[in-house]
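The structure appears right after this line, and notes come after that.
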Amino acid sequence: GINCQGGSRMCCRQEFFVDFREIGWHDWIIQPEGYAMNFCTGQCPLHVAGMPGISASFHTAVFNLLKANTAAGTTIGGSCCVPTARRPLSLLYYDRDSNIVKTDIPDMVVEACGCS
Amino acid sequence: NLQTDGPCPACWGAAFDLESQRELLLSLAKKSILNKLHLSQRPTLSRPVSRAALKTALQRLHGPRRQETVLEHDPTQEYEIISFAETGLSSVNQTRLDFHFPDRTAGGLEVQQAHLMFFVQLPSNATQTMNMRVLVLRQYDTNLTLTSQYPLQVDASGWHQLLLGPEAQAACSQGHLTLELVTESQAAHRSVILGGFSHRPFVAARVRAGHKRRVHRR
Chain A
1 GINCQGGSRM
11 CCRQEFFVDF
21 REIGWHDWII
31 QPEGYAMNFC
41 TGQCPLHVAG
51 MPGISASFHT
61 AVFNLLKANT
71 AAGTTIGGSC
81 CVPTARRPLS
91 LLYYDRDSNI
101 VKTDIPDMVV
111 EACGCS
Chain B
117 NLQTDGPCPA
127 CWGAAFDLES
137 QRELLLSLAK
147 KSILNKLHLS
157 QRPTLSRPVS
167 RAALKTALQR
177 LHGPRRQETV
187 LEHDPTQEYE
197 IISFAETGLS
207 SVNQTRLDFH
217 FPDRTAGGLE
227 VQQAHLMFFV
237 QLPSNATQTM
247 NMRVLVLRQY
257 DTNLTLTSQY
267 PLQVDASGWH
277 QLLLGPEAQA
287 ACSQGHLTLE
297 LVTESQAAHR
307 SVILGGFSHR
317 PFVAARVRAG
327 HKRRVHRR
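Here you go:
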């Protein structure tokens with residue numbers, strides 16, 4: 001996947017870290033200290049459509065650009081920048097009875113983005 | 117809703133300004149986590165747990181980690197819950213322990229496995245014969261009813277672990293478990309079950325968000 005940096009406008013993963021102390025949740029959430037609520041943003045032009053994540057090599061992109069130019073006007077619909085890899089968020093927290101609860105919430109952290 | 121001018125929110129042309137949207141993203145994060153934990157709001161802590169008890173319990177939780185892939189293929193979310201005992205009516209020979217479990221979703225909890233952990237302080241070279249009783253509240257009855265009891269033989273001081281049977285697991289699913297530890301020696305002057313801050317008994321349960329059986333009207 002490609003991480004968003006600088007003025008890149010292509011589909012990339014935007015990192016965004018939520019510090020539980022900053023939002024006042026550090027008293028009931030024991031671990032971790034925060035949550036990486038990364039998300040996908042950016043453009044998916046025609047020549048990278050359907051190429052999720054690191055498979056979008058330079059040569060493939062150029063080759064597809066040629067194909068897209070020749071095929072312009074024939075393809076319909078858009079391509080979106082979406083997560084292509086995710087991982088669970090493991091939480092250790094107190095519930096209202098002061099029990100300690102440990103759970104893994106699936107698919108909470110975006111690891112990589114690509115064009116659908 | 118984020119301002120987009122394209123058909124797909126992830127495909128907008130203008131660069132996304134993180135700082136101006138920070139408050140919105142923080143509130144999205146809160147909502148997402150509470151939603152996934154089936155909580156309507158963040159818990160307020162009424163009875164803080166001592167650091168010593170927390171440390172002991174975490175050592176208990178950090179056992180061997182199962183493969184994540186197992187979890188990924190199983191959509192039902194699993195929890196490990198540590199509930200600390202409230203010591204109810206107790207005497208030298210009889211310690212009553214009350215545990216409260218959350219009703220995680222409308223469907224309740226399915227307890228996969230549950231252990232009782234308790235600390236026993238014995239005189240040196242002494243052994244102790246005990247009984248563990250499981251008490252439940254029957255419907256329309258305000259008195260606790262004994263459902264089962266198990267003999268125990270404790271031969272050393274320290275933490276002891278006891279696997280809880282189906283009656284106790286059912287009581288956890290109902291949200292409230294009451295156990296009684298009864299020692300048989302009459303000569304004791306104080307309870308051998310320690311309940312201080314760093315030796316607070318607790319139940320460690322592995323549970324799944326259960327699904328209450330639906331009753332169909334015929």
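Listed in order, the protein sequences are those of chains A and B.
Under our numbering, think of the first position of the first sequence as 1, with each following residue one higher.
Under our numbering, think of the first position of the second sequence as 117, with each following residue one higher.
All residues carry an ideal CB built from backbone N, CA and C; glycine is no exception.
Going by beta carbon distance, what residues of the same chain come within less than 7 Å of residue i, once the five residues before and after it are set aside?
{"i": "Ile197 (chain B)", "result": "Phe217, Ala321, Val323"}
{"i": "Arg9 (chain A)", "result": "Gly42, Gln43"}
{"i": "Phe39 (chain A)", "result": "Gln14, Phe16, Val110"}
{"i": "Ser273 (chain B)", "result": "Val236, Gln237, Leu238"}
Can the beta-carbon of residue i be found less than 9 Å from the beta-carbon of residue j?
{"i": "Ser342 (chain B)", "j": "Ser307 (chain B)", "result": "With chain B represented from 117 up to 334, any question about residue 342 (chain B) goes unanswered, as that position is not in the structure."}
{"i": "Tyr94 (chain A)", "j": "Leu161 (chain B)", "result": "yes"}
{"i": "Ile105 (chain A)", "j": "Leu153 (chain B)", "result": "yes"}
{"i": "Tyr195 (chain B)", "j": "Val82 (chain A)", "result": "no"}
{"i": "Leu46 (chain A)", "j": "Ser90 (chain A)", "result": "no"}
{"i": "Val250 (chain B)", "j": "Gln265 (chain B)", "result": "yes"}
{"i": "Ser98 (chain A)", "j": "Val270 (chain B)", "result": "no"}
{"i": "Leu279 (chain B)", "j": "Gln229 (chain B)", "result": "yes"}
{"i": "Ser240 (chain B)", "j": "Phe215 (chain B)", "result": "no"}
On a CA-only basis, which of the options is nearest residue i? Give me that one, please.
{"i": "Thr261 (chain B)", "options": "B:Leu150, B:Thr294, B:Asp133", "result": "B:Thr294"}
{"i": "Leu268 (chain B)", "options": "B:Leu297, B:Arg163, B:Gly281", "result": "B:Leu297"}
{"i": "Met233 (chain B)", "options": "B:Val319, B:Leu253, B:Leu134", "result": "B:Val319"}
{"i": "Asn209 (chain B)", "options": "B:Glu300, B:Ala325, B:Ser314, B:Ser289", "result": "B:Glu300"}
{"i": "Ile30 (chain A)", "options": "B:Gln277, B:Leu170, B:Trp275", "result": "B:Leu170"}
{"i": "Val227 (chain B)", "options": "B:Met248, B:Cys288, B:Leu279", "result": "B:Cys288"}
{"i": "Leu310 (chain B)", "options": "B:Ala201, B:Asn151, B:Leu155", "result": "B:Ala201"}
{"i": "Arg86 (chain A)", "options": "A:Asp107, A:Thr103, A:Leu92, A:Arg96", "result": "A:Asp107"}
{"i": "His315 (chain B)", "options": "B:Glu135, B:Tyr256, B:Arg167, B:Glu139", "result": "B:Arg167"}
{"i": "Arg73 (chain B)", "options": "A:Gly6, A:Asp27, A:Thr103, A:Pro88", "result": "The requested residue 73 (chain B) does not occur in the structure, where chain B is confined to residues 117 to 334."}
{"i": "Glu246 (chain B)", "options": "B:His276, B:Glu139, B:Lys147", "result": "The displayed chain sequence assigns Met, not Glu, to residue 246 (chain B). Met246 (chain B) has its Cα closest to that of B:His276, out of B:His276, B:Glu139, B:Lys147."}
{"i": "Gly24 (chain A)", "options": "B:Gln137, B:Glu135, B:Lys146, B:Asp133", "result": "B:Lys146"}
Taking 9 Å as the threshold (beta carbon to beta carbon), is residue i in contact with chain B?
{"i": "Val48 (chain A)", "result": "no"}
{"i": "Thr74 (chain A)", "result": "With a pLDDT of 49 at Thr74 (chain A), under the threshold of 50, the predicted position of this residue should be treated as unreliable, though the coordinate-derived value follows. False, the Cβ-Cβ gap to chain B never drops below 9 Å."}
{"i": "Met37 (chain A)", "result": "yes"}
{"i": "Met10 (chain A)", "result": "no"}
Under 9 Å, Cβ to Cβ, is there at least one residue of chain A near residue i?
{"i": "Phe235 (chain B)", "result": "no"}
{"i": "Ala173 (chain B)", "result": "yes"}
{"i": "Thr160 (chain B)", "result": "yes"}
{"i": "His216 (chain B)", "result": "yes"}
{"i": "Leu134 (chain B)", "result": "yes"}
{"i": "Val244 (chain B)", "result": "The identity of residue 244 (chain B) in the sequence shown is Gln, whereas the question assumes Val. Output row for Gln244 (chain B): interface = no."}
{"i": "Arg212 (chain B)", "result": "no"}
{"i": "Ser199 (chain B)", "result": "yes"}
{"i": "Leu141 (chain B)", "result": "yes"}
{"i": "Leu153 (chain B)", "result": "yes"}
{"i": "Val227 (chain B)", "result": "no"}
{"i": "Gln193 (chain B)", "result": "yes"}
{"i": "Leu360 (chain B)", "result": "What is shown of chain B runs 117 to 334, which leaves residue 360 (chain B) out entirely."}
{"i": "Glu196 (chain B)", "result": "yes"}
{"i": "Ala272 (chain B)", "result": "no"}
{"i": "Ser148 (chain B)", "result": "yes"}
{"i": "Arg163 (chain B)", "result": "yes"}
{"i": "Leu232 (chain B)", "result": "no"}
{"i": "Leu144 (chain B)", "result": "yes"}
{"i": "Leu187 (chain B)", "result": "Because Leu187 (chain B) sits at a pLDDT of 42, beneath the cut-off of 50, its placement in the model cannot be relied upon, and the following sentence gives the value as read from the coordinates. Judged by the 9 Å Cβ criterion, Leu187 (chain B) is in contact with chain A."}
Sorted by chain position, which residues of the same chain lie with C-beta nearer than 6 Å to residue i's C-beta, five sequence neighbours on each side aside?
{"i": "Arg212 (chain B)", "result": "Gly204, Leu205, Ser206, Glu296"}
{"i": "Ala36 (chain A)", "result": "Phe17, Val109"}
{"i": "Asp19 (chain A)", "result": "Gly34"}
{"i": "Pro317 (chain B)", "result": "Ala201, Leu213, Phe234"}
{"i": "Lys254 (chain B)", "result": "Inspection of the sequence shows that residue 254 (chain B) is occupied by Arg rather than by Lys. Answer for Arg254 (chain B): Thr261, listed in chain order."}
{"i": "Leu141 (chain B)", "result": "none"}
{"i": "Ala285 (chain B)", "result": "The residue you asked about is not Ala; residue 285 (chain B) is Gln in the sequence shown. Same-chain partners within the cutoff: Val227, Ala230."}
{"i": "Thr243 (chain B)", "result": "Asp271"}
{"i": "Gly7 (chain A)", "result": "none"}
{"i": "Cys4 (chain A)", "result": "Cys12, Gln14"}
{"i": "Leu92 (chain A)", "result": "Ile30, Gln31, Lys102"}
Task: Residues within the region 94-115 of chain A neighbouring chain B, beta-carbon criterion of under 8 Å - done: Tyr94, Asp95, Arg96, Asp97, Ser98, Asn99, Ile100, Val101, Lys102, Thr103, Asp104, Ile105, Pro106, Met108
- [ ] Name, going along the chain, the residues of the region 13-36 of chain A whose beta-carbon falls closer than 7 Å to a beta-carbon of chain B.
- [x] Gln14, Phe16, Val18, Ile23, Trp25, Asp27, Trp28, Tyr35
Task: Against chain A: residues of the region 293-327 of chain B by CB proximity under 8 Å - done: none
Task: Residues, ordered as in the chain, of the region 260-289 of chain B that lie near chain A by beta-carbon distance below 9 Å - done: none
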